[in-house]
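S.K.: Chains as they are written, first to last, in numbering that gives the first Met the number 0: chain A, 0 to 81; chain B, 0 to 160; chain C, 0 to 756; chain D, 0 to 287.
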Amino acid sequence: MPRVQSISSRVRDFTGGLDAFDVEARTVRALIRELDARFPGLGELVEENMAIAIDGEIFQDALGASLGEASEIVLIPKISGG
Amino acid sequence: MSRVRISTIVNGEPVEFLGGGGQSLLDALRDELRLTGSKEGCGTGDCGACSVVVDGRLVCSCLMLAPEAEGKRIETIEGMQEGSELHPLQRQFLEHAALQCGFCTPGLLVASKALLDRNPDPSETEVRYWLAGNMCRCTGYDKVVRAVLDAAAELRQERPR
Amino acid sequence: MSDGNQGGSKLKVVGQRPVRPDGVDKVTGRAMFGADFHLPGMLTGRIKRSPHAHARIIRIDTSAAEALAGVKAVATGADFDTGAGGEVEAGEGATAVKEVAANCLAMGKALYQGHAVAAVAATSPEIAAEALDLIEVTYEVLPHVIDVEEAIAANAPVLHDDLFTTGVTPKPAKPSNVAVKTVMGRGDVPGAFAAADVTVEGHYSTAAVHQGYIEPHACVASFGADGQSVVWCSSQGQFLVRALCAKILNMPLSDIKVIPAEIGGGFGGKTTVYLEPVALALSRKCGRPVKIVMSREEVFLASGPTSGAVMDIKLAATEAGKITAAEMTLKYQAGAFPGSPVHLGCMTAFACYDVENLALTGYDVVSNRPKVAAYRAPGAPMAAFAVESAIDDLAKKLGMDPIDIRILNGVRDGMKTVYGATVRSCAFVEMLEQLKAHPHYQTPVAAGQARGVAAGFWFNIGGESSAAVHVDEDGGVTVVSSNPDIGGSRASMAMMAAEVLGLPIEKVRCTVADTTSIGFSGSTGGSRVTFATGMAVCQAAEKVVVDLKRRAAATWECDIANVEWRDGAAVCTDPAKDVKPLSMKALASKSAKTGGPIASEVSINAQGAAAGYGAHICDLQIDRETGRTTVVRYTAAQDVGRAIHPSYVEGQLQGGAAQGVGWALNEEYVYGPKGTLDNASFLDYRMPVASDLPMIDTILVETKPNPRHPFGAKGVGEVPIVPPLAAVANAVSQIVGKRMTSLPLSPARVLAAMEEK
Amino acid sequence: MSGVDYLSPTTIAEAVKALGQAGGGARLMAGGTDLLVQMRGGRAKPQTVIDIKRIPGLMDIRAEGGGFVIGAATSGAVLGEHAALRKAWPGIVEAANLIGSTQVQGRASLGGNLCNASPAADSVPALIAAAAVCIVEGSNGRREIPVEKVQISPGKMSLAPDEILIAFRLPPRPAKSGDAYLRLIPRTEMDIAVVGAGVSLTFDASGTCMAARVSVGAVAPTALLVEGAGMALVGSKLDEGALAKMDAAVAAACKPISDKRGTAEYRTKIACVLARRAALIARERAGA
């Protein structure tokens, strides 16, 4: 089952302080649905306002990406810059 | 409002315009004559983006009143190119990539030309101190100083003394 | 990508140093910056600003100003209609629209000295100034707080009644000035500290500093009677300005055309709006174009700066110098609204190093200062100041060379960062080795001087970009970029297109399009343009090549597989055909007969940006009687992937280093007891001038091109400002004989430290 | 600012009359490098600006009575190009040339620097050390006053409302004399002095100091003539004992404030450092 970690404080507000949990999903779309089911509103936050690192690569827009059985997913704030 | 008629020579051309008594030369150049090459970075004489030459002296046009220009000869960035040819300083700035955003560039060029007009062979230190009143936030000055030194060398070759 | 990441040796244009396409305009005064536009009937807009650091706005009486002859419109925050609000991607990440609006024109409260409270548009600057004096604002002055630690304290005046700390469980019952608590880490930090051979720790602080672009914010807005409006402005993103104006004024995006002016520096500070919605609101009220230009004082009071920071750090290491654990707390000023880059500080702090056990805690803290804006590698320089100082302490303690300890701990491909990314195509270690071998480092430190070394990191990003390539009928090419050119990007766009098309650079011109003339693009920032927009340019050029080959194949009546594109011409490889190559010019002149105009536009969401790493060496000396520091030699090295136009890459390194030296030595926001800014001018906000700096030597490390970019480019703009703070401070600390922990290292501070010793 | 009337009289009498008529609503302008900044920032709101640069004698340098007379509106750039002045009074010229950038040098004058009445004016300590005298003219005629008596507090001067500073008179220079001015700024250029120190010394043939004037700036409401500091040096060969006495006198005279440019403690310390260094440079220049 893919492992989801977060380094975002906004995620923590949805998860009641949880920074890591497992989610059964094979695509990012499924992941977002699953997040919304477990933590209402979190999926939307992730879809709209967050970047996702999947197995070490950061995606600013990862909706189409697929996930493996042991994928490591990190929810991170979107990165911009100067 | 007390606007007065002001007669000057700008980049070799006689020019007349109406300017306010308290208007800066910079505002007059930009707003009345539409010579917008001189820039306002601070309005207090600290950045040099508005540098022009008045009767042979390098000054900040933001620190001069428009009516003071009466009867004076003013040189701005718009007059630096010679006909269709760039001045060697302009060319060296381009070749050295001595500009990034380009906002401070007109002031730097006018000030550099004023330096080379009176000192054709400045040292790096002399260039740096002469240009201390021309702030550039993009380049760290390295390429600017090199461009001025190379332009000086080029001009010395062109016009041997 | 046809042959992704082409080898350097085959390249003809990329890697050269041609004159930039917009160069002549910029050296002759013809380039039009934000304040250079003039429209018939244009009015002058001016903004009335709060004299107080913190005050409730009881009433704004605009009647006398409106009655003044020549005044055509007066606006307040009530003229904004942010509707549902929402968020917009700005320089430091997602930004709440309502807060951007309330920063442009205050709603209910003035939160810092200089906060805009009302605006006028009048027929002359003098009338506008007089009208400002006639606007009567009744304030209830409130207690203010400037310092970040004081703002966190329990009894601090609270700026926002509805601000509850995010990231704390359970949700706090009381509002506070701490907007966000960020926590990240890994491993067993207490265990690693218990097992450590050596530890170092320190308490560090940096001052708020301004981006210091020389061009003040400027715009012209013209609202049409049918709602269709035009905004001319200098910004880092015309699409961002459009989005924010539309949301703040509740207008459809398609009714706003934003024309990007040349931009006189931004460094992140022009990734938001201050004036544009105000000018557009005024224009909407009176139907005439309105121009607003900030004074330098307004720039300092009400735009920009980046956060001052307070940081505590502890490192654990083995005797051999391997860092085993780090613990760090970062408190960053956000200014009047939430949104400091503290999360980026946490993410970047140890990104150069392989540290198994990490615990990072960040606090985003509001206080009565202008809202921070992105500044070059937002959040990273302050964090790096603490980290690189602590590593310097560790090297001293262990008697190690400062470059060696960084090589020992440096990240290599395949390692994991704390924020989830895996390190790849990273030349951090090679870069340090090149720096160590450089003549600067090999030259012994001169008597009376000291040498500091420090490293730095930035993510670099990709994201949404659009570009078009148009082939003219004579075979020349125009590249249409979607990003304002802040430091020579037209040159790199044209060069990449020329390379793909096999043309000499003189045949390729580049223009920056307005919001109606090219597809969407993210802003110029995050060191993304050469990477992401460059990728779009390459793809558009490659599509053009395919089209040209197709037309040549049709002309020759051969299979397209038998057509190659070489040096700007189609070549037939079918041995059965005896035909001469068809040049770009020949194909272009026949375009009408072969399918019509030759052009291509590409819009992408660029993936695969590679991070950037830098390391700097600074030699300096100090006047022991006055504490004044003079930088005497400086070298900056960076992992750049491949330099498209090396001169402009060097320029990024040199400019970033100069800004960082200013940050280290003299730049700071100085507040008086009433919470007002004491040094809102270039006279007293002391940025480096030409005589303050030596030449800045550069090393462009190109051993690891980014395989995800057609030519191997990595972003280069942000990294160079990260190392200098500690590079300078590490050298100063050696001369002083004790660790210097607070920036700036002003003469008085350095002298006091030398005397304390 | 366009409501402002601009006058450029060509005689002193005309200027004095205009100044008197304006009744406090006028400001005199020489180089304008302070006045225009104040007008722009709203700190000065004159109805009339009287430009004195077209008055003959206000823009030149004349050798007179063995010394020099410098027109009050003469720019720093012109001072820097005057070889004889530079030779006789290098400290005054270097002080004037430290004011602002090259661009500011093209306009800024000694008269403007003094009449802006800032305690941090660079040229003022050098002029005080040189025992320079101001030539002033108003409706009551012409008078001369020492430079150190002109400023009475920040922004305030001892001149009558219709008096105009016309010129500075520098005394004849004895043999074996030298002056120097040093200031401390955080950058190399463009800053206002955190502290400034001007020293003028005359030695006898044996290298003993015969006359000494020491002045410090930015350490009190006005630039100070520190008589005790000069007295400490007279009769000495600038040995450590004499310099230490000078330090003590300078430190005792300093009454600085702490502000964005420096703390009081730092200013006092640096005033001593700079006075010492300036004294040694002045000695070097005197050839003693």
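Positions of the beta carbon are idealized from the N, C-alpha and C atoms, including for glycine. Since the model is a prediction, treat every value here as computed from it, not as a measurement.
#1: Using the beta-carbon count (16 or more within 10 Å), is C/Q538 buried or exposed?
#2: Shortest alpha-carbon distance to D/G177 belongs to which of D/A277, D/F202, D/A285?
#3: Flag A/P1 as yes if its beta-carbon sits less than 7 Å from any beta-carbon of chain C, otherwise no.
#4: Would C/Y668 count as contacting chain B if we go by Cβ distances under 7 Å?
#5: Hey, how far is the Cα of C/G451 from the Cα of C/P380?
#6: Beta carbon of A/G81, beta carbon of C/A560: below 7 Å?
#7: Leaving out five residues before and five after D/S122 in sequence, what residues of the same chain have Cβ atoms less than 6 Å from its Cβ?
#8: On the premise that B/I73 lies in contact with B/V9, defined as a C-beta separation below 8 Å, what is that separation, rounded to the nearest angstrom?
#9: Distance cutoff 7 Å, beta carbons only. Does C/A373 sit that close to anything in chain A?
#10: If distances are taken between C-alpha atoms only, which option among C/S516, C/R489, C/S520 comes closest to C/E505?
#11: Counting only beta-carbon separations shorter than 7 Å, does D/S117 have a partner in chain B?
#12: Name the DSSP bridge partner or partners of D/E239?
#13: Helix, strand or coil for C/M0, going by three-state DSSP, please let me know.
#14: Rank C/L407, C/V371, C/P340 by C-alpha distance to the C-alpha of C/Y352 and give the top, closest one.
#15: Among D/N115, D/S100, D/V146, D/V249, which one has its Cα closest to the Cα of B/A110?
#16: Can you give the Cα-Cα distance for B/G19 and D/P160, rounded to whole angstroms?
#17: Going along the chain, which residues of the stretch 733-753 of chain C sit with their C-beta nearer than 7 Å to a C-beta in chain D?
#18: Using a C-beta cutoff of 7 Å, does C/D160 count as contacting chain B?
#19: Assuming contact is defined by CB atoms lying nearer than 7 Å, are C/D363 and C/V87 in contact in what I supplied?
#20: Taking 7 Å as the threshold (beta carbon to beta carbon), is B/L107 in contact with chain C?
#21: Taking the alpha-carbon positions, what's the C/R565 to C/K548 distance?
#22: Verify the CB distance criterion: does A/V73 have a CB-CB separation below 7 Å to chain C?
#23: Listing by chain order, which chain C residues have their CB less than 7 Å from the CB of B/A131?
#24: Tell me which residues of the stretch 617-634 of chain C have at least one Cβ-Cβ distance to chain B shorter than 8 Å, keeping chain order.
#25: Which word fits C/K592, buried or exposed, when buried means at least 16 other C-beta atoms lie within 10 angstroms of its C-beta?
#26: Whose C-alpha, out of C/P693, C/Q653, C/R623, is nearest the C-alpha of C/V735?
#27: Taking the straight line between their C-alpha atoms, what separation do you get for C/G289 and A/F58?
#28: In terms of DSSP beta bridges, what is C/I406 paired with?
#29: Using a cut-off of 8 Å between C-beta atoms, extract the partners of B/T110 located in chain D.
#30: Output needed in chain order: residues of the stretch 39-73 of chain B with a Cβ under 7 Å from some Cβ in chain D.
#31: Under 7 Å between C-beta atoms, does D/L279 make it to chain C?
#32: Using only the alpha-carbon positions, how far apart do D/G40 and C/L104 sit?
#33: For B/Y128, does the three-state DSSP call read helix, strand or coil?
#34: Rounded to the nearest angstrom, how far is the Cβ of C/A388 from that of C/A728, given a contact under 8 Å?
#35: Please confirm whether C/V199 and C/D403 have their CB atoms less than 7 Å apart.
#36: Between which two residues does the alpha helix (DSSP H) holding C/Y647 run?
M.R.: Looking at the coordinates:
#1: buried
#2: D/A285
#3: Not closer than 7 Å to any Cβ of chain C, the Cβ of A/P1 fails to qualify, so no.
#4: False, the Cβ-Cβ gap to chain B never drops below 7 Å.
#5: 16 Å
#6: no
#7: A94, A95, L109, N112
#8: 5 Å
#9: So, interface residue.
#10: C/R489
#11: No, because no Cβ of chain B sits closer than 7 Å to the Cβ of D/S117.
#12: Answer is none; D/E239 lacks a bridge partner.
#13: Because C/M0 carries a pLDDT of 37, less than 50, the predicted location of this residue cannot be relied on, and no value is offered for it.
#14: C/L407
#15: The alpha carbon of B/A110 has as its nearest neighbour, out of D/N115, D/S100, D/V146, D/V249, the alpha carbon of D/S100.
#16: Whole-angstrom Cα-Cα distance: 26 Å.
#17: S745, P746, A747, L750
#18: no
#19: Cβ distance not < 7 Å, so C/D363 and C/V87 don't count as in contact.
#20: No, B/L107 does not count as interfacial toward chain C.
#21: Linking C/R565 to C/K548 through their CA atoms gives a straight-line distance of about 10 Å.
#22: yes
#23: V688, A689, S690
#24: The residues in question: there are none.
#25: exposed
#26: C/R623
#27: Checking the sequence shown, residue 289 of chain C turns out to be Val, not Gly. Taking the straight line from one Cα to the other gives about 41 Å.
#28: In the DSSP output, where bridge partners are listed per residue, C/I406 has none listed.
#29: First, the residue type needs correcting, since residue 110 of chain B is Ala and not Thr in the sequence shown. Under the 8 Å cutoff, chain D gives T101, Q102.
#30: G42, T43, G44, D45, G47, S50, R56, L57, V58, C59, L62, M63, L64, P66, E67
#31: no
#32: 22 Å
#33: helix
#34: In the sequence on display, residue 388 of chain C carries Ser and not Ala. The beta carbons of C/S388 and C/A728 sit about 6 Å from each other, so the pair counts as a contact at 8 Å.
#35: no
#36: 645-664
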